[in-house]
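The block underneath contains the structure these notes are about, expressed in structure tokens.
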Amino acid sequence: MQHYEVVIVGGGPAGLAAAIEARKNGAQSVVVLERDRELGGILQQCIHHGFGLVVFNEELTGPEYAERFIDELMELGIEYRLETMVLEVNADKTIRAISPSDGMIEIQAKAIVLNMGCRERTRGAIAIPGFRPAGVFSAGTAQRFVNMEGYMVGKRVVILGSGDIGLIMARRMALEGAKVLAVAEIMPYSGGLTRNIVQCLHDYDIPLYLSHTITEVRGKERVEGVTIAEVDENRKPMTGTEKHYDCDTLLLSVGLIPENELSRGAGIQLDPVTGGPIVNEAMETSVPGIFASGNVVHVHDLVDWVTEESRRAGAYAARYVQNKLVEDASVIASRPGDGIGYVVPHKVRPENLNDKLAIFMRVKEVFHDAKLVVKADGEVVYSRKKRHMAPGEMEIVQIDAQKLKDLKPAELLVSVEGGETVHV
Amino acid sequence: MYKPEEHNVICTVCPIGCRLTVIREEHEPDGYKVIGGVCKRGEKFGVKEVTNPTRTVTSTVAIEGGLLPRLPVRTEKDIPKHLNYELMKLINQVKLQAPVKIGEVVVANVFDTGVNVIATRSMRAVK
Amino acid sequence: MRYGPYNHFTGSRMKRGEMYDVVIIGAGVIGCGIARELSRYDLSILILEKEGDVADGTTKANSAIVHAGFDAYHKTVNGQMNARGNPMYDRLAAELSFPFQRIGSLVLAFSEEELASLRELIDNANVLKIPGVEMLAPETVHAKHANLSQEIRGALWAPTGGICGPWEFAIALAENAVENGAELALNTQVTGIQKTDAGFRLSTAAGGSIESRVVVNAAGVYADTIHNMVAEPFFEIHPKRGQYFLLDKAAGDIVDTVIFQAPTKAGKGVLVSPTVHGNIIVGPDAEYVEDREDLRTTGPQLDYVRQAARQSVPNIPFGMNITTFAGLRAESSTRDFIIGPADDVPNFINAAGMKSPGLSAAPAVAEEVVKHVGVALGGELKERKDFNPHRRPAAHFAEASPEKQAELIATDPRFARIVCRCEYVTEAEVVDVIHRKVGARSVDGVKRRARPGGGRCQGGFCSPRVMEILARELGTDMGDVLKDGPGSYILTGRTKAVEGGM
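Residue numbers (the numbering used here), protein chains in the order written: chain A, 1 to 424; chain B, 1001 to 1127; chain C, 2001 to 2502.
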């Protein structure tokens, strides 16, 4: 049995930030366990730019963003193990992992930070009818093939889902010589950033069909075509609106799901809406001493917020190890109200806050000129007018910690007030 | 009927995504009037998008002797948008040998724009 | 030995133009079962398969149920073969090391009329001597199975019902047959059969010809086509499509036994069942299709399956679906299995019309066909002294105890390299299934044998790794690795002009 103060499960952006911050906050022995052949996680295949505006105040590509953290990890001399797959995380903070170089590894940690990230929703999850030929890829898998392995996945492409990965891949495929015929989105608004709609679709004359979905995949061995159709308000395809495309490839960008098999194994409580652990202000899960941050908790829009959240998780894990975390404090429940899909964290112990409490959330619809309001047992503790809010973008609210320490409310309720819901 | 030159532009300065209309007006300082936006940055963006749209291009180049067969690269700064495909043709001919350090210039001064194509990650050599 | 999508395997006799004792057309669970059973005897055997892998037709897309045998009517061949086949599974699973679990099955009745049909099934079961079949009261059912509908009026319980891995079973049969001397030619479609003085000459799509004394027709949905090449037509195969959902393991505890619905005039209902891998399978509907390759799923029929399944298990979590698929049942116009020589061509033996319960019956069908082959070859078949009924079990890292896992890693560090994060499949397992006899040659071939990509991410993470390993082990380029059969290419070339891309 090996002993560490803080074990970080996952060496992507979340794990890197958590490890660095744990060390900076005084954790002596920290180790990052990464299942891939290198650190950086999914950022290594996200070769487009647009990362780092919040954290570094400049625009970086994914690998550049990752390398800054990897460099810092190295400079701090933090231990990491590659090709190391964690098989089990237990509530007593033991971990079982394997790697080709170290064989079976058993670790007793004082604190654990879960940073496993997320995976893509598949064709199966949305049950697209038709044949099951080669040529149907989730956008992230295609991204890996094209950007890291150096292979094209198709010549004529239709994309389902207007999430950012799908939009980014539309541009990548076009630049590498493929013809991207259309992007279909079942919702009446795009799931991606406006900037990506413009720079990835408009720049390459790729049409975006909102309120459309794929109704059939053709081709027995390889995709030969797809049919898209407009959907009604219940998201059911309407007959007579079908468009047929001859294509050899269908890319899917239909959502991300936090990867919580290890969390389940440890008996950690999950939020059915986010698919990730229920956490408190310290990003600590329902199992004391096991923390979680990044896309394993909820799917973020920008990696910068993953970093921000994971720094908190790492710092609090270090504090936990040093017994500096107040455990038996009063607990505020934070809840989503009208117009809000979820809030993270779910529980707040004001005694442990530094100067601010950051609440991350997603709205359920597109809102214009609405107010984002937080009430502590009915009293408004935050209110801000927002010109534009959309489910594709995370909203962040910062609340003065002192206010919460003074009020000691039982509940924080976050809601959208006024404004109009917009169907673009 | 006389109709001034008019362009529809979606602003990408921030996530709001204002629908801008950029109209040719000789007497405006920039030569254009921008309506539909909410901020000064958006106005500047609108005019630039009509007069000289530019983009950062990210892609990969072939590499040998590294962990992976492709190395990610980007233009250090924006280049004129119309050069996107020309740039791809250029970098598709490049083949590097590992090791490469992040920020290393892969192609200098592309199309005399003064912009370099640089490596966006380090790749050490593997046996 | 090479065979698979890249090269046609040619058996030694096939190459030399010698005559086989038996050629089996079709490498599904029926054909492979017959081959394995025949390989006990001193015979030269060749299996011909038009697809790039064994188990690539009906065997890879069905309910995976080993029926207890109460359902198929006792006066039919179906009924007799099912009753005989089911008990044979325990020994086969032990010898061949494929997944099989006797988890029992329930048939739910929702009305007085359906209860009556359950009583008829019990009578049928009694004639066929199916053990332990009994009627249960709703309270008894609910006490054990909390997720079943409150609307049920009673249920038939059959403790001998089971589930298996159909393609693992067929692959194991083929592998064991080949280890015992049978030969296998994939990507080899039979296009004509001629009678000769000594037997038959079969011509193949690739232009070759093969001689054999006896031909066994196990050609699934094409069994009528094959039959009619040489014998007087007397049956037609009408493919009946069934569509399914496969739910994530996280939903795996919603039922722990096979849940059927009572047969009514409207049909046999849909089932909800655990799979041997811990998932939940839901389906099928039943729909005749013209095209014998029409494996499409369709929106309306999937909706029907969802609705029908909710009658049995109201809160079934379709949000946890990981894949949908369709399979074709090879239903004969005679409405029963067709086992035995063609009337006008005694050495041409049919094993046709293998609709449900074809999988359950497969071991018994193989025995029957062997008898017919014996007769056709003129008497007693000579047993081989060196027949080995056992197949080397594959190591399944995910299912091993921590101690056993450590042991595996100590013998081969590739057991410590996880390829598939969802099913915890290791590189050592992938490499093993590539190098076994009847080894995998495609991504789906690997998936059928070792399960990477069979989990919730459906190959999103692992398919690039599996392709890399296939390419490395088979000495080919990753760009040439196929998903499954010929034409199912995954990649379309390299990215950069400098490396021959665009």
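Yeah, the Cβ is synthetic: ideal placement off N, Cα and C, and Gly gets one too.
Treat the numbers as computed from the prediction; the structure is a model and nothing was measured.
Does DSSP put residue i in a helix, a strand or coil?
i	result
Lys-2051 (chain C)	It is Glu, not Lys, that sits at residue 2051 (chain C) in the sequence shown. Residue state, collapsed to three classes: coil.
Ile-278 (chain A)	coil
Tyr-2073 (chain C)	coil
Lys-435 (chain A)	Nothing can be reported for residue 435 (chain A), as the shown portion of chain A is limited to 1 through 424.
Cys-2164 (chain C)	strand
Gln-2150 (chain C)	coil
Cys-2032 (chain C)	helix
Gln-398 (chain A)	strand
Gly-2500 (chain C)	coil
Phe-2399 (chain C)	Inspection of the sequence shows that residue 2399 (chain C) is occupied by Glu rather than by Phe. Of the three classes helix, strand and coil, the one that applies to Glu-2399 (chain C) here is helix, per DSSP.
Ala-22 (chain A)	helix
Glu-2287 (chain C)	strand
Asp-2412 (chain C)	coil
Val-424 (chain A)	Only weak support exists for where Val-424 (chain A) lies, its pLDDT of 49 falling under 50; the value from the coordinates is given anyway. Reduced to three states, the DSSP call for Val-424 (chain A) is coil.
Arg-172 (chain A)	helix
Glu-185 (chain A)	strand
Val-296 (chain A)	helix
In whole angstroms, what is the alpha-carbon distance linking residue i and residue j?
i	j	result
His-2074 (chain C)	Gly-2378 (chain C)	31 angstroms
Leu-325 (chain A)	Leu-39 (chain A)	30 angstroms
Arg-119 (chain A)	Gln-2458 (chain C)	11 angstroms
Ile-2030 (chain C)	Gly-2299 (chain C)	31 angstroms
Arg-2456 (chain C)	Arg-2449 (chain C)	17 angstroms
Pro-277 (chain A)	Ile-1091 (chain B)	44 angstroms
Arg-319 (chain A)	Ala-282 (chain A)	9 angstroms
Thr-2264 (chain C)	Leu-2108 (chain C)	12 angstroms
Tyr-65 (chain A)	Gly-418 (chain A)	38 angstroms
Ser-2203 (chain C)	Ala-2231 (chain C)	16 angstroms
Gly-2154 (chain C)	Tyr-2222 (chain C)	40 angstroms
Phe-2325 (chain C)	Gly-2278 (chain C)	18 angstroms
Val-1094 (chain B)	Arg-1055 (chain B)	21 angstroms
Tyr-2089 (chain C)	Pro-2274 (chain C)	18 angstroms
Phe-2098 (chain C)	Phe-2397 (chain C)	15 angstroms
Arg-2392 (chain C)	Asp-2432 (chain C)	11 angstroms
Val-331 (chain A)	Met-1 (chain A)	35 angstroms
Lys-2195 (chain C)	Gly-2104 (chain C)	47 angstroms
Leu-250 (chain A)	Ile-159 (chain A)	6 angstroms
Phe-2337 (chain C)	Leu-2136 (chain C)	31 angstroms
Using the beta-carbon count (16 or more within 10 Å), is residue i buried or exposed?
i	result
Ser-1958 (chain C)	The question about residue 1958 (chain C) has no answer here: the residues shown for chain C are numbered 2001 through 2502.
Cys-247 (chain A)	buried
Pro-272 (chain A)	exposed
Ile-1035 (chain B)	exposed
Phe-2100 (chain C)	buried
Gly-2017 (chain C)	exposed
Arg-2091 (chain C)	exposed
Gly-2269 (chain C)	buried
Gln-44 (chain A)	buried
Gly-267 (chain A)	exposed
Phe-1111 (chain B)	exposed
Lys-2060 (chain C)	buried
Ala-2094 (chain C)	exposed
Give me the chain D residues within the contact set of residue i, using Cβ-Cβ distance strictly less than 9 angstroms, ordered along the chain.
i	result
Asn-2147 (chain C)	You won't find chain D in this structure, because its protein chains are A, B and C.
Pick out the complete alpha helix (DSSP H) segments inside the segment 2188-2257 of chain C, 4 residues or longer, and give them in chain order.
-> 2223-2228
Within the segment 2423-2481 of chain C, ranges of the alpha helix (DSSP H) (whole runs, at least 4 residues) = 2427-2435, 2443-2450, 2463-2474
Run through the segment 195-273 of chain A for me and flag every whole alpha helix (DSSP H) of 4 or more residues, listed as ranges in chain order.
-> 261-265
Length at least 4, wholly inside the segment 2331-2387 of chain C: the alpha helix (DSSP H) runs in chain order | 2358-2376
At a cut of 8 angstroms, does the segment 1108-1125 of chain B reach the segment 1061-1081 of chain B through at least three beta carbon pairs?
-> yes
Is the segment 2376-2392 of chain C touching the segment 2023-2043 of chain C, taking contact as three or more C-beta pairs under 8 angstroms?
-> yes
Is the segment 2237-2253 of chain C touching the segment 2045-2052 of chain C, taking contact as three or more C-beta pairs under 8 angstroms?
-> no
List in chain order: all unbroken beta strand (DSSP E) runs of 3+ residues lying wholly within the segment 22-104 of chain A.
-> 30-33, 49-51, 79-81, 85-89, 94-99
Sequence ranges, beta strand (DSSP E) only - wholly within the segment 1017-1053 of chain B, length at least 3 | 1019-1024, 1032-1035
Decide yes or no for the touch test of the segment 2066-2073 of chain C against the segment 2354-2362 of chain C: beta carbon pairs closer than 8 angstroms, at least 3 of them.
-> yes
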